[in-house]
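S.K.: First to last, the sequence lines map onto chains C and P. Using our numbering, the first residue of the first sequence is number 1, and each one after it goes up by one. Using our numbering, the first residue of the second sequence is number 294, and each one after it goes up by one. Backbone N, C-alpha and C define an ideal beta-carbon position, used for all residues, glycine too. Keep in mind that this is a model prediction, so the values were computed, not measured. For reference, the structure I am asking about is given below.
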Amino acid sequence: MAAHQMLLPPGQLAPLEADYAKARSAKRFAAMLVLAGVVIAVVGAGHVSEIDLAKLWANRGELGDYFNRTLTLDSGGRTWTDPAEWFWNLKGWSLLLFETIVMSYVGTALGFIVGLPLCFAASANLASSGWTMAIAKRLLELLRTVPDLVFALIFVEAFGLGPLAGVLALALHSTGALGKLFSEFVENIDMKPVEGVIASGGGKLAAIRFGVVPQVLSGFASYTLLRFEINVREAAVLGYVGAGGIGEKLIEAIRKFYYTDVSAILILLIVTVFLIDMGTDRLRAGLARAIVK
Amino acid sequence: MSSERALFGDVTLVEKEHAELIAAAERRAFHSLMIGFGLAVLLGLGLWWIDCSPLRVLNGLSRFGEILMRIMPPSPGSFEHFLIYGRALIETLGLALIGTLAAAAIALPLGLLAARNITGSSLLHFLLRRLFDIIRGIDRFVWALIFVRVVGLGPFAGALAIAISNIGAFGKLFCETFENADRRPVEGVLSTGGSRLHAVRFAILPEVAPVLLSQVLYYFESDTRSATVIGIVGAGGIGLFLYEEIRVLEWTHVAFLILMILITVALIDALSGVLRRWFIGRRAAPKA
Numbered sequence: 001m002a003a004h005q006m007l008l009p010p011g012q013l014a015p016l017e018a019d020y021a022k023a024r025s026a027k028r029f030a031a032m033l034v035l036a037g038v039v040i041a042v043v044g045a046g047h048v049s050e051i052d053l054a055k056l057w058a059n060r061g062e063l064g065d066y067f068n069r070t071l072t073l074d075s076g077g078r079t080w081t082d083p084a085e086w087f088w089n090l091k092g093w094s095l096l097l098f099e100t101i102v103m104s105y106v107g108t109a110l111g112f113i114v115g116l117p118l119c120f121a122a123s124a125n126l127a128s129s130g131w132t133m134a135i136a137k138r139l140l141e142l143l144r145t146v147p148d149l150v151f152a153l154i155f156v157e158a159f160g161l162g163p164l165a166g167v168l169a170l171a172l173h174s175t176g177a178l179g180k181l182f183s184e185f186v187e188n189i190d191m192k193p194v195e196g197v198i199a200s201g202g203g204k205l206a207a208i209r210f211g212v213v214p215q216v217l218s219g220f221a222s223y224t225l226l227r228f229e230i231n232v233r234e235a236a237v238l239g240y241v242g243a244g245g246i247g248e249k250l251i252e253a254i255r256k257f258y259y260t261d262v263s264a265i266l267i268l269l270i271v272t273v274f275l276i277d278m279g280t281d282r283l284r285a286g287l288a289r290a291i292v293k
Numbered sequence: 294m295s296s297e298r299a300l301f302g303d304v305t306l307v308e309k310e311h312a313e314l315i316a317a318a319e320r321r322a323f324h325s326l327m328i329g330f331g332l333a334v335l336l337g338l339g340l341w342w343i344d345c346s347p348l349r350v351l352n353g354l355s356r357f358g359e360i361l362m363r364i365m366p367p368s369p370g371s372f373e374h375f376l377i378y379g380r381a382l383i384e385t386l387g388l389a390l391i392g393t394l395a396a397a398a399i400a401l402p403l404g405l406l407a408a409r410n411i412t413g414s415s416l417l418h419f420l421l422r423r424l425f426d427i428i429r430g431i432d433r434f435v436w437a438l439i440f441v442r443v444v445g446l447g448p449f450a451g452a453l454a455i456a457i458s459n460i461g462a463f464g465k466l467f468c469e470t471f472e473n474a475d476r477r478p479v480e481g482v483l484s485t486g487g488s489r490l491h492a493v494r495f496a497i498l499p500e501v502a503p504v505l506l507s508q509v510l511y512y513f514e515s516d517t518r519s520a521t522v523i524g525i526v527g528a529g530g531i532g533l534f535l536y537e538e539i540r541v542l543e544w545t546h547v548a549f550l551i552l553m554i555l556i557t558v559a560l561i562d563a564l565s566g567v568l569r570r571w572f573i574g575r576r577a578a579p580k581a
């Protein structure tokens with residue numbers, strides 16, 4: 001490497017270096033400002049959420065201890081030395097896992113059925129009037145924002161304990177989530193086929209059926225599969241408030257200190273979710289290929 | 294076009310000419326119909342399985358109608374209640390923010406270690422990715438219940454639960470983002486004599502920072518939503534009040550709490566939209 005480098009004459013170099021220093025200090029100042037904002041927010045948030053790292057450190061052993069206990073049988077041996085004892089209730093848990101999957105399927109399907117017409121009403125390029133569009137959009141937003149656990153709590157009061165309440169909660173939340181995604185998808189379609197159908201005398205329904213649906217169907221299917229995956233996880237939680245599925249057994253095991261049951265149910269749940277994710281991934285990849293074609 | 298055809302075309306001729314295309318289209322239509330039919334049958338079976346009889350639905354709907362009548366007008370009951378709810382709401386936001394930021398700070402180095410193009414270690418990649426998978430496999434409510442045991446009831450347990458489940462999510466996302474980063478700036482830094490750490494600092498971080506920020510902001514939005522319900526298991530925030538008011542059937546209070554949550558979530562979404570544009574909009578648009 002050359003020891004001596006070519007430099008600009010000092011007269012030209014000085015203003016460039018001054019500009020560079022100015023740009024750098026402006027950037028540093030902005031970064032400092034952002035950092036200060038973050039620090040203030042973190043300190044405030046840490047105060048209101050009663051962060052106490054000393055307590056966490058003092059009780060750090062509890063966390064490992066908990067997982068240790070979930071993997072130790074009453075006899076003192078490790079759980080995997082006696083799988084029959086560990087998964088003693090495999091049949092009952094599998095049934096509840098199946099119920100969880102059924103709940104998420106039915107919830108997703110109902111959400112799709114209700115969300116589909118709403119999405120066309122909420123799309124700016126298809127809505128017949130500003131009013132219906134605004135109402136449909138707000139409705140979808142409302143359904144999407146309320147967590148499904150809150151819907152489930154209310155439906156357990158109205159429909160009684162059991163999977164029906166959970167399915168309805170999933171359906172309402174999915175309607176909002178799917179409807180919003182769908183309407184964004186519809187707003188980005190090519191309008192020429194729609195105009196073509198209308199120009200050849202088709203009505204609004206015909207325009208949607210023959211102009212819009214062929215363009216969006218595989219995208220919709222892909223989103224719905226993704227929602228199904230999410231709903232399996234959500235359905236596993238709904239049991240905490242008595243709305244059906246495996247969650248009921250899981251929270252019971254945690255609350256009543258059935259340690260090995262906790263690990264057994266968690267493992268079954270993780271495996272199920274993993275298998276479902278793999279399956280839907282395959283289906284989605286197939287759909288993506290269909291879109292490219 | 295051939296001129297011997299009539300003005301509107303001879304349909305039989307067209308059918309004969311494109312017989313294969315038409316048959317293929319009909320086959321496809323039949324397939325879609327069968328898929329739709331199959332899905333509908335599954336839906337019917339599912340509804341039967343969860344015991345969804347019309348009578349139950351009607352009974353439930355009438356009960357639900359009663360509830361809807363009783364939520365009017367939404368009110369917190371008294372001003373003291375309103376203050377308690379407000380405090381709980383601030384607590385909710387606090388634990389969501391701490392949970393997201395702490396997770397991002399911890400997941401950043403872990404994501405770097407897991408990225409194959411940075412450490413070059415497949416073993417580390419494999420182990421860390423499985424760790425992230427396991428963390429994500431356990432629901433945040435379960436984490437919350439476990440942390441309630443470790444640090445006691447209250448928002449600290451909720452913040453820890455959100456933080457740990459976010460570490461699983463961020464670790465995976467960050468690692469993928471690093472692995473998708475452009476290779477050329479890294480080569481540039483390395484070829485001018487920089488170390489691997491220099492490459493991370495001057496080649497990878499500037500490129501991925503907007504993407505990471507946008508992921509963190511997105512998770513903050515969704516964590517705010519889940520922080521509103523994590524109180525159901527006693528881990529702080531407004532969820533505990535929501536749960537209690539529903540159990541004692543104080544529907545006007547419930548409606549007020551839901552309204553508070555809706556408004557807060559809308560505000561947070563708007564704020565995060567502003568931040569997103571501010572930080573990310575002026576740089577190159579992030580990769581999807």
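Counting only the same chain and skipping the five closest in sequence on each side, list residues whose C-beta sits under 6 Å from that of Val522(P).
M.R.: Correct list, in chain order: Gly532.
S.K.: Determine, using beta carbons only, whether Ile315(P) comes closer than 7 Å to chain C.
M.R.: False, the Cβ-Cβ gap to chain C never drops below 7 Å.
S.K.: With a CB to CB cut of under 7 Å and the five nearest residues on each side skipped, what residues in its chain are close to Asn231(C)?
M.R.: Hits under 7 Å: Ser104, Gly107, Thr108, Leu170, Ser174.
S.K.: Counting pairs of Cβ atoms below 8 Å between the region 425-439 of chain P and the region 360-376 of chain P, do you hit three or more?
M.R.: Cβ pair count under 8 Å is below three, so no.
S.K.: With H, G and I counted as helix, E and B as strand and the rest as coil, what does DSSP make of Thr72(C)?
M.R.: Strand, per DSSP.
S.K.: Straight-line CA distance for Ala14(C) to Ala474(P)?
M.R.: Rounded to the nearest angstrom, the two C-alpha atoms are 36 Å apart.
S.K.: With a cut-off of 8 Å, do at least 3 Cβ pairs link the region 440-451 of chain P to the region 476-493 of chain P?
M.R.: Segments in contact, no.
S.K.: Please go through the same chain and pick out, in chain order, the residues whose beta-carbon is closer than 7 Å to the beta-carbon of Glu514(P), but skip the five residues on each side of it.
M.R.: Ile561, Asp562, Ser565, listed in sequence order.
S.K.: Taking any Cβ of chain P, which residues in the region 50-65 of chain C have a Cβ under 7 Å from it, in chain order?
M.R.: Going along the region 50-65 of chain C in chain order, one finds Glu50, Ile51, Asp52, Lys55, Leu56, Asn59, Glu62, Leu63 with a Cβ nearer than 7 Å to chain P.
S.K.: Taking Gly46(C) as the query, report the chain P residues whose CB atoms sit under 8 Å from its CB, ordered along the chain.
M.R.: Result: Gly387, Ile391.
S.K.: Do you know how far the Cα of His324(P) is from the Cα of Val304(P)?
M.R.: Distance between the alpha carbons of Val304(P) and His324(P): 25 Å.
S.K.: Does the separation of the CB atoms of Ile391(P) and Ser49(C) fall below 7 Å?
M.R.: A contact, by the Cβ cut-off of 7 Å.
S.K.: Out of Gly387(P), Cys468(P), Leu535(P), which one is the CA nearest neighbour of Gly46(C)?
M.R.: For the residues Gly387(P), Cys468(P), Leu535(P), the minimum Cα distance to Gly46(C) belongs to Gly387(P).
S.K.: Under the criterion of a Cβ to heavy atom distance below 6 Å, does Thr521(P) qualify as lining the ligand ZN?
M.R.: For the structure depicted, the ligand ZN is absent and the ligand set is empty, with no information on it obtainable.
S.K.: In or out: Trp93(C) buried (at least 16 other Cβ within 10 Å) or exposed?
M.R.: Looking at its Cβ environment, which holds 16 or more other Cβ atoms inside 10 Å, Trp93(C) is buried.
S.K.: Residue ranges of each alpha helix (DSSP H) run of no fewer than 4 residues wholly in the region 428-472 of chain P, ordered along the chain?
M.R.: Listed in chain order, the complete alpha helix (DSSP H) runs (minimum 4 residues) inside the region 428-472 of chain P are 433-444, 448-472.
S.K.: When you compare each of Ala548(P), Val307(P), Ile525(P) to Ser368(P) by their alpha carbons, which one comes out closest?
M.R.: Checking every option, the nearest Cα to that of Ser368(P) belongs to Ala548(P).
S.K.: Determine whether the beta carbon atoms of Gly247(C) and Ala236(C) lie at a separation below 7 Å.
M.R.: Yes, Cβ-Cβ distance for Gly247(C) and Ala236(C) is below 7 Å.
S.K.: Counting only beta-carbon separations shorter than 7 Å, does Glu514(P) have a partner in chain C?
M.R.: So, not an interface residue.
S.K.: Taking 7 Å as the cut-off, decide whether the C-beta atoms of Arg409(P) and Trp544(P) are in contact.
M.R.: Not in contact: Arg409(P) and Trp544(P) (Cβ atoms no closer than 7 Å).
S.K.: Going straight from the alpha carbon of Lys137(C) to that of Lys180(C), what length do you get?
M.R.: Rounded to whole angstroms, Lys137(C) to Lys180(C) spans 7 Å at the Cα level.
S.K.: If we count the other Cβ atoms within 10 Å of its Cβ and call it buried at 16 or more, is Leu16(C) buried or exposed?
M.R.: Under this definition Leu16(C) is an exposed residue.
S.K.: Report the residues of the region 214-241 of chain C with a CB closer than 9 Å to any CB of chain P, ordered along the chain.
M.R.: Those would be Leu217, Arg233, Ala236, Val237, Tyr240, Val241, in chain order.
S.K.: At the level of alpha carbons, what is the spacing between Ile428(P) and Ile460(P)?
M.R.: Going by the C-alpha atoms only, they are around 8 Å apart.
S.K.: For the putative contact between Leu153(C) and Gly176(C), defined by C-beta atoms under 8 Å, what is the C-beta separation to the nearest angstrom?
M.R.: Not quite, the Cβ-Cβ distance comes to about 17 Å (not below 8 Å), so this is no contact.
S.K.: So which residues on chain C does Ser519(P) lean against when the C-beta distance must stay under 8 Å?
M.R.: Those within 8 Å of Ser519(P) in chain C are Pro147.
S.K.: Between the region 193-205 of chain C and the region 59-69 of chain C, are three or more C-beta pairs nearer than 8 Å?
M.R.: As far as the Cβ criterion goes, the region 193-205 of chain C does not touch the region 59-69 of chain C, which means the pair count is below three.
S.K.: Using C-beta distances below 8 Å, list every residue in its chain close to Ile497(P), excluding the 5 sequence neighbours before and after it, in chain order.
M.R.: Result list for Ile497(P): Ile411, Phe471, Ala474, Pro478, Val479, in chain order.
S.K.: Would you say Val334(P) reaches chain C, if we count a Cβ-Cβ gap shorter than 7 Å as a contact?
M.R.: No - not a single Cβ of chain C is within 7 Å of the one on Val334(P).
S.K.: Looking only at its own chain, which residues have a Cβ that is under 8 Å from the Cβ of Thr517(P), when we skip the five neighbours before and after it?
M.R.: Taken in chain order, the residues that qualify are Thr385, Leu386, Ala389, Thr557, Val558, Ile561.
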